[in-house]
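Chemist:
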Amino acid sequence: MTRPLARLFAIVLVAVIGLTACTGGGDSAISGNYRQDTLAVVTSLRNAITLPDDAPEKSTAQAEARKLINDFASRYRRDSRVSGLASFTTMQTALNSLAGHYSSYPNRPVPEKLKKRLEKEFRMVELALNREA
């Protein structure tokens, strides 16, 4: 009698753990609407890189930017509907550049050269989104 009960308990435990692991965190700003999510990420990243270095909310904005970069990439990287779009490839280039800077130089400000390139890429993303809509 204990063996079937133990098996049943194991199956229920695996099901519960599996289902709770599949539920999203729920605290992500990524909604699933590619166009809106992309524009929201661009706005947030612009805010993070244009804040003055002595601004008190600079570290919070950078932390939010890193989370958005991770959430956006993990949500859309394998989505075949958007992975071939020009806006997505340009956005990935910008995200990789900024994430690389934040990883390599966490305590340094974003260089002007990188800021200019990111702004150019963000404009290209917005133009591509308008064309694709």
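The opening position of the sequence shown corresponds to residue 1 in UniProt numbering, with each subsequent residue numbered one higher.
Even for Gly, the Cβ is constructed at its ideal location relative to N, Cα and C.
Here the structure is a predicted model, which means the values were calculated and not measured.
1) What residue range does the alpha helix (DSSP H) around Arg78 cover?
2) Let me know the secondary structure DSSP gives Pro4 once reduced to three states.
3) Would you tell me roughly how many angstroms separate the C-alpha atoms of Val42 and Ile17, rounded to the nearest one?
4) Which residues mark the beginning and the end of the alpha helix (DSSP H) in which Glu132 is found?
5) Expressed to the nearest angstrom, what Euclidean distance is found between the alpha-carbon atoms of Leu39 and Lys120?
6) Is it buried or exposed, Leu118, if we count other Cβ atoms within 10 angstroms and call 16 or more buried?
7) Residue range of the alpha helix (DSSP H) that Pro35 falls in?
8) Could you check whether Glu126 and Leu85 sit closer than 9 Å to each other, using their CB atoms as the reference points?
9) Run through DSSP, which three-state label would Ser59 get?
10) Among residues of its own chain, excluding the 5 on either side of Lys115, which ones have a beta-carbon nearer than 7 Å to its beta-carbon?
11) Are the CB atoms of residue 134 and Ser44 nearer to each other than 9 Å?
12) What three-state label does DSSP hand Asp53 in the structure shown?
13) Please check the pair Ala29 and Asn47, which I expect to be a contact at CB under 8 Å, by giving their CB distance rounded to whole angstroms.
14) In this structure, does DSSP put Ser104 in helix, strand or coil?
Modeler: Reading from the atomic positions:
1) Translated into positions along the sequence shown, residue 78 becomes position 78. Element bounds for Arg78: n/a, residue is neither H nor E.
2) As a position in the sequence shown, residue 4 is number 4, starting the count at 1. Looking at Pro4 - three-state DSSP - the assignment turns out to be helix.
3) Residue 42 sits at position 42 when you count from the first residue of the sequence shown. Residue 17 sits at position 17 when you count from the first residue of the sequence shown. Approximately 35 Å, taken between the alpha carbons.
4) Here residue 132 refers to the residue found at position 132 when the sequence shown is read from its first residue. From DSSP, the alpha helix (DSSP H) with Glu132 extends over 112 to 132.
5) For this step, residue 39 is matched to residue 39 along the sequence shown. For this step, residue 120 is matched to residue 120 along the sequence shown. Rounded to whole angstroms, Leu39 to Lys120 spans 14 Å at the Cα level.
6) Position 118 of the sequence shown, counting from 1, holds the residue named residue 118. By the 10 Å Cβ count, Leu118 comes out buried.
7) Counted from its first residue, the sequence shown places residue 35 at position 35. In the sequence as displayed, the identity of residue 35 is Arg instead of Pro. It spans 34 to 50 - the alpha helix (DSSP H) in which Arg35 sits, taken as one unbroken run.
8) Here residue 85 refers to the residue found at position 85 when the sequence shown is read from its first residue. Here residue 126 refers to the residue found at position 126 when the sequence shown is read from its first residue. Not in contact: Leu85 and Glu126 (Cβ atoms no closer than 9 Å).
9) Here residue 59 refers to the residue found at position 59 when the sequence shown is read from its first residue. Helix, per DSSP.
10) Here residue 115 refers to the residue found at position 115 when the sequence shown is read from its first residue. So the list reads Ile49, once near-sequence residues are dropped.
11) Beyond the ends of the chain as shown, which are 1 and 133, falls residue 134; an answer cannot be given.
12) One-based indexing of the sequence shown puts residue 53 at position 53. Of the three classes helix, strand and coil, the one that applies to Asp53 here is coil, per DSSP.
13) Looking up residue 29 in the sequence shown gives position 29. Looking up residue 47 in the sequence shown gives position 47. Not confirmed; about 13 Å, so no contact.
14) Start at 1 with the first residue of the sequence shown, and residue 104 comes out as number 104. Of the three classes helix, strand and coil, the one that applies to Ser104 here is helix, per DSSP.
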